[in-house]
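Sequence order for the protein chains is W and D.
Here this note's numbering is used: the first residue of the first sequence is 52, the next is one more, and so on.
Here this note's numbering is used: the first residue of the second sequence is 11, the next is one more, and so on.
Even for Gly, the Cβ is constructed at its ideal location relative to N, Cα and C.
Just so you know, these numbers come straight off a predicted model, no measurement behind them.
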Amino acid sequence: MLLRVAHAIETHGLTRRFDGRVAVEGLSLTIEAGTVFGFLGPNGAGKTTTVRMLAALIAPTDGDAIVAGHVLGVDDTALRGSVGILTEQPGLYDRLSARQNLRYFARLYDLEPSRADAQVERYLHLLELWDRRDEPVGTFSKGMRQKLAIARALLHEPSVVFLDEPTAALDPEAARTVRDFVKGLKAEGRTIFLTTHNLPEADELCDGIGIFQRRLLRVGSPRELRASLFGAGTVVNVVGDAARYVPVVRTLGFVREVRADDNTLTVQLDDPDSRNPELIDALQGAGARIRYVEPLQHSLEDVYMRLVGGHA
Amino acid sequence: MKKALIVLEKEWLELRLQPTLLLATLILPPLITAFAVAGFFVVGKISSGVSLPATPLPPEFAGLSLLEIGQAIIGKQFSTLFLLLPIFIPSVLASYAIVGEKRERTLEPVLATPIRTWELLLGKILAALIPALGITLLSATVFVAGVLTFAVTDRVREIVVTPGWIVAVLVDTPLLALIGVALIVVLSSRVNDPRTAQQISAVLVVPVLGLLFGQLAGVIVLGPALALGIGVILAIIAAGALWAATRLFQREVILTRWR
């Protein structure tokens, strides 16, 4: 059993097996309060199983976790009351109106009727659904349904929110609205556990990223993940063929790798901020006319493909 | 318990928004009662052209006039239907409340709230049982009033509204209804269509039909003791069915085993 309650989510060796098949293996993770954590992995990697365990919907086979201050498996009813979850499917009652849907869930989350009504009104306004409040949800677009499902997850003002693919299958405008809303939740100090396949979205929203495929392959901030996999680097664009400067760059002891491509030199080095002046001096000393210098950028997709591709 | 009532309230709200289902399900008892009372009344007024059925009559019909026999047969046949209705109605309601919710994938968000699974199950069972039993008992009361009013003699009243039948309606039918709902829960883990669940659960009608034909053939006399005995057996079956339903209606099982 865990003794500390220092983080919004803390897991140690969390494992789940289904009939001998391991879905989640030894997940140890710490997520700071008030941050957005992206949980990335391919289909069938065990992301939804992890969310279900952390939201006390299914029990782990092994391991411990503390979520929103509650030890998993001790008082799961209280834990469920402290977290909000957007499930993979919106799961709304099509015949009921938006207001009736939310009111039902507000009552299940132990809100008194008057408070329930106030919260329902607040979130319908916040997610711009107030004008459609009394219409059956079956008539709503996919984006509206998703927004309503997000509202449902927040009615009881949880400190930890699990969002399972919140922008999947949404049009760009609706997806942007949802992303802005997630940023707003973070600004309110909530902890967001986000699973998504949308890597630019994860890059934009997340403070921390976990790449997961049955087990945690790598964890860190997007910047840390890039640095740990690809190292830091500098891109130098020169006039003329860049290949002729490769031997000069290789003589520099701090350079780990150099590659030339037309006018561009891609230089991998450990500490660009302090080493770039030396690199530029060496190039200019060799007669290079430099057009521009910029840091080497790897996308989160590169990180993901490097990690998941290697384990697929 | 409070959350079971919240679930029950939501179920009834959804039911009210399905007028066709509501009408098709709940209209049956009043309709049968109207036919039963009308038939009972009309048969009691026919004084000629009545002939006895070819099948042997139950011993209790001995010495009755043709009019009495006509009313007694009509009354007996319709009275047995009141034992069937509480099986049919809650099965329909429960199949939409549980299989329907499974099909629409609305159960997971509910299970993610601080509700306990027994509260959710209880809410759904009550939402199906209360209207079914309420409308059936109300219709049965109207039926009894019709029989007492329009019976041509006291003997007809005694043959149709027997203590055994009253015990069966009050004790056995709620238990049959409960078994029906529990069976729907068990079936919910395997089927995705409410109609399939209803069709399979219709198997519960068979023992009641056996009782009907047994009575009409004079093989079975449904006295209070027999009705209570059946009640005890049904209570044991209901307990078993509820146990199975409770085992299958667990958060973990619903999310990982229901297909």
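Other residues of its chain near residue i: CB distance less than 8 Å, five sequence neighbours each side excluded
i         : result
W:Arg-342 : Asn-288, Val-289, Val-290 and Asn-314
D:Leu-91  : Ile-42 and Ala-46
D:Arg-167 : Val-157, Leu-158 and Ala-161
W:Gly-85  : Ala-59, Lys-237, Gly-240, Arg-241 and Thr-242
W:Val-56  : With a pLDDT of only 48 at W:Val-56, under 50, the local geometry of the prediction cannot be trusted, and the value read off the model is given with reservation. Answer for W:Val-56: Ile-117 and Gly-120, listed in chain order.
D:Leu-121 : Thr-127, Leu-130, Arg-261, Ile-264 and Leu-265
W:Glu-83  : His-58, Ala-59, Thr-242, Asp-258 and Gly-259
W:Phe-369 : With chain W covering only 52 through 363, there is no way to say anything about residue 369 of chain W.
C-beta contact flag for residue i and residue j at 8 Å
i         : j         : result
D:Thr-127 : D:Gln-208 : no
D:Ala-248 : D:Leu-197 : no
D:Asn-202 : D:Arg-113 : yes
D:Leu-117 : D:Ile-264 : yes
D:Pro-96  : D:Thr-183 : yes
W:Val-87  : W:Phe-213 : no
W:Leu-143 : W:Ala-200 : yes
W:Ala-107 : W:Asp-127 : yes
W:Leu-137 : W:Ala-204 : yes
D:Ala-245 : D:Val-177 : no
W:Glu-252 : W:Thr-218 : yes
W:Arg-357 : W:Leu-267 : no
W:Met-195 : W:Arg-183 : yes
D:Val-170 : D:Gly-73  : no
D:Pro-124 : W:Arg-131 : yes
D:Ile-194 : D:Ala-142 : no
D:Ser-199 : D:Leu-258 : yes
D:Thr-206 : D:Glu-78  : no
D:Leu-32  : D:Leu-25  : yes
D:Gly-174 : D:Pro-217 : no
For residue j and residue i, believed in contact at Cβ under 8 Å, the rounded distance
i         : j         : result
W:Leu-91  : W:Val-270 : Not quite, the Cβ-Cβ distance comes to about 10 Å (not below 8 Å), so this is no contact.
W:Arg-158 : W:Ala-167 : 6 Å
D:Ala-14  : D:Leu-132 : 4 Å
W:Gly-114 : W:His-63  : 6 Å
W:Ser-210 : W:Ala-129 : That belief does not hold up - the Cβ atoms of W:Ser-210 and W:Ala-129 are roughly 13 Å apart, past 8 Å.
W:Leu-153 : W:Ala-202 : 6 Å
W:Leu-316 : W:Ala-293 : 5 Å
D:Ile-286 : D:Leu-36  : With chain D covering 11 to 269 only, the question about residue 286 of chain D has no answer from this structure.
D:Glu-19  : D:Lys-134 : D:Glu-19 to D:Lys-134, Cβ: 12 Å. No contact.
W:Pro-111 : W:Val-359 : Rounded, the Cβ-Cβ distance is 23 Å, inconsistent with contact.
W:Gln-197 : W:Leu-221 : 6 Å
W:Glu-139 : W:Thr-99  : 6 Å
W:Gly-89  : W:Leu-245 : 5 Å
Contacting residues, own chain, Cβ-Cβ under 7 Å from residue i (five flanking each side not counted)
i         : result
W:Glu-29  : In the structure as shown, chain W starts at 52 and stops at 363, and residue 29 of chain W therefore has no counterpart that could be examined.
W:Arg-146 : Pro-187 and Gly-189
W:Val-318 : Gly-284, Thr-285, Val-287, Val-300, Val-306, Val-309 and Leu-330
W:Ile-103 : This sequence places Arg at residue 103 of chain W; Ile is not what is there. Cβ within range, chain order: Ile-109.
With 16 other Cβ atoms within 10 Å as the buried cut-off, status of residue i
i         : result
W:Ser-350 : exposed
W:Asn-249 : buried
D:Val-17  : buried
D:Pro-204 : buried
D:Ser-101 : buried
W:Gln-335 : exposed
W:Leu-276 : buried
D:Lys-55  : exposed
D:Met-11  : exposed
W:His-392 : Because chain W is modelled from 52 through 363, residue 392 of chain W falls outside the range shown and cannot be assessed.
D:Ala-155 : exposed
D:Leu-232 : buried
W:Leu-65  : buried
D:Ser-75  : exposed
Close beta carbons around residue i, own chain, < 6 Å, minus the five adjacent residues each side
i         : result
D:Val-293 : Since the first residue shown for chain D is 11 and the last is 269, residue 293 of chain D is missing from the structure and cannot be characterised.
D:Gln-87  : none
D:Gly-110 : Pro-204
W:Ala-363 : Because the pLDDT at W:Ala-363 is just 42, under 50, the model does not fix this residue reliably, and the value given afterwards should be weighed accordingly. Closer than 6 Å at Cβ, skipping near neighbours: no residue.
D:Leu-136 : Leu-18
D:Ile-192 : Position check: residue 192 of chain D holds Ala in this sequence, whereas Ile was assumed. The residues are Ala-251, Leu-252 and Ala-255.
D:Thr-172 : none
D:Val-179 : Phe-92 and Ala-150
**Prompt:** Relative to chain W, which residues along the stretch 112-126 of chain D have a C-beta separation below 8 Å, given in chain order?
**Reply:** Of all residues in the stretch 112-126 of chain D, only Glu-114, Arg-115, Thr-116, Leu-117, Glu-118, Pro-119, Val-120, Leu-121, Ala-122, Thr-123, Pro-124, Ile-125 and Arg-126 place a beta-carbon less than 8 Å from a beta-carbon of chain W.
**Within 7 Å of chain D by C-beta, residues of the stretch 203-235 of chain W in sequence order** = Answer in chain order: Arg-203.
**Request:** Name, going along the chain, the residues of the stretch 64-82 of chain W whose beta-carbon falls closer than 8 Å to a beta-carbon of chain D.
**Result:** Within the stretch 64-82 of chain W, the residues whose Cβ lies closer than 8 Å to any Cβ of chain D are, in chain order, Phe-69.
**Item:** Contact list for the stretch 240-259 of chain W against chain D, Cβ threshold 7 Å
**Value:** Within the stretch 240-259 of chain W, not one residue has a Cβ closer than 7 Å to any Cβ of chain D.
**Request:** Output, in sequence order along the chain, the residues in the stretch 197-226 of chain D whose CB is closer than 8 Å to any CB in chain W.
**Result:** Within the stretch 197-226 of chain D, no residue has a Cβ that lies closer than 8 Å to any Cβ of chain W.
**Message:** Taking beta-carbon pairs under 8 Å, can you tell me which members of the stretch 102-132 of chain W lie near chain D?
**Reply:** Of all residues in the stretch 102-132 of chain W, the ones placed with a Cβ closer than 8 Å to any Cβ belonging to chain D are Arg-103, Ala-106, Leu-108, Ile-109, Ala-110, Thr-128, Ala-129, Arg-131 and Gly-132, in chain order.
**Request:** Taking a Cβ distance cut-off of 7 Å, strictly less, list which residues of the stretch 173-184 of chain W are near chain D, in chain order.
**Result:** If the cut-off is 7 Å between Cβ atoms, the stretch 173-184 of chain W has nothing near chain D.
**Prompt:** Got a sec: which bits of the stretch 157-186 of chain D sit with their beta carbon under 7 Å from any beta carbon on chain W, in order along the chain?
**Reply:** Within the stretch 157-186 of chain D, contact with chain W at the beta-carbon level (separation under 7 Å) is assigned to no residue.
**Message:** To be precise: take each residue of the stretch 144-162 of chain W, compare its Cβ to all Cβ atoms of chain D, and keep it if any distance is under 8 Å. Which residues remain?
**Reply:** Here the close residues are Tyr-144, Asp-145, Arg-146, Leu-147, Gln-151, Tyr-155, Phe-156, Arg-158, Leu-159, Tyr-160 and Asp-161.
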